[in-house]
Amino acid sequence: MTDIIRTSDGSHTIYVPGLDEHYHSVHGAIQESQHIFIGYGFDSCGANPCRILEIGLGTGLNALLTALRSATTGQKVLYTSIEKYPLSNETASMLNYPSLTGEGSHEVFSAIHSCEWETWTDITQLMQIRKIKEDFTGMDLRGKFDLIYFDAFGPDKQPEMWTAEIFEKIAIVSEPGTILVTYSAKGEVKRKLRACGFEVTMLPGPPGKREITRGIRK
Ligand SMILES: C[S@@+](CC[C@H](N)C(=O)[O-])C[C@H]1O[C@@H](n2cnc3c(N)ncnc32)[C@H](O)[C@@H]1O
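Residue numbers (the working numbering): 1 to 218.
Here's what the structure looks like:
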């Protein structure tokens, strides 16, 4: 039984009892995703097409907001998302994001969740998605990306996702100018990013979070 809860902006998130952790900020899931991943990530990335790598597809909220944003800007997107524990379609269908994000969202959100894994699928005229069902810690990642949504569970709850080796793996698939955004503002995250070639900036966070981290590969 999945624990879906309503956050302060009215949008849902999922609580994971085993980790005592939520998928998003309880101060507002859509607000957080929009502020960090779209605002400081997608809106700052001029590449067209923009090759995005997401660590943790989860509810598909970042993917949905990216597809909707790309439809308004005309920027093409190639979206690769890694997920070890996919949500069931039943759980995904209970999330209220499509009813809060405007016309056309239902089709896009349902396409994100129903499309095949491990293969590229058109989910809008401008965005293709490739979902990969794998454990990122053991994965041999290939390719190059312009933008990375680093959205694992927090470093205190899932330290194995925030190691120097994980950030090295990401550095290998980045190029000069690649942007990485994450909600964590921990000192050790900044240090590890700097150690593998990212110039790190702290930016004001969404409600409930003072700062977030953005790295740009040198
Ligand atoms: C903070 S939530 C992601 C939120 C997601 N981006 C969204 O918009 O809903 C973290 C996600 O990472 C996934 N995850 C946890 N461990 C993982 C691993 N080793 N490899 C890949 N994904 C993992 C979780 O299942 C979860 O979906």
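Note that CB positions come from ideal geometry on N, CA and C, so glycine has one too.
Query, Result
"Limits of the unbroken alpha helix (DSSP H) element including Q31", "A29 to S33"
"Simplified DSSP assignment, three categories, for H24", "coil"
"8 Å CB neighbourhood of I5 in its chain, flanking five on each side removed", "H12, T13, I14, Y15, H22 and V26"
"Per DSSP, the bridge partner or partners of L57", "Answer by DSSP bridge pairing: none, since L57 is not bridged."
"Inter-residue CB distance, Y79 and I52 (contact presumed, cutoff 8 Å)", "5 Å"
"Member of I55, N48, I179 and K218 whose CA lies at the smallest distance from the CA of F153", "I55"
"Check whether Q34 and L65 have beta carbons under 7 Å apart", "yes"
"Proximity of T213 and A185 at Cβ, strictly below 7 Å", "yes"
"Spatial distance of Y40 from I179 (CA atoms)", "9 Å"
"Test item: CB-CB of V200 and G187 under 7 Å", "no"
"Secondary structure, beta strand (DSSP E): runs of 3+ residues fully inside the stretch 125-186", "127-133, 145-150 and 174-182"
"Presumed contact (8 Å Cβ cut-off) between T91 and T2, rounded CB distance", "5 Å"
"Reduced DSSP category for Y40 - H, G, I as helix; E, B as strand; rest coil", "coil"
"Distance between T119 and P86 (C-alpha atoms, nearest Å)", "15 Å"
"Which listed residue (W117, P98 and E116) has its alpha carbon closest to that of V108", "P98"
"Coil, strand or helix - E188 by DSSP", "helix"
"D20 beta carbon near ligand 1 (any heavy atom closer than 6 Å)", "no"
"From D20, P49 and G28, residue whose alpha carbon lies closest to that of L147", "P49"
"T182, buried or exposed, once every other Cβ within 10 Å from all chains shown has been counted against 16", "buried"
"Cα-Cα separation between M202 and K190, rounded to whole angstroms", "9 Å"
"Through-space distance from M161 to D140, alpha-carbon basis", "15 Å"
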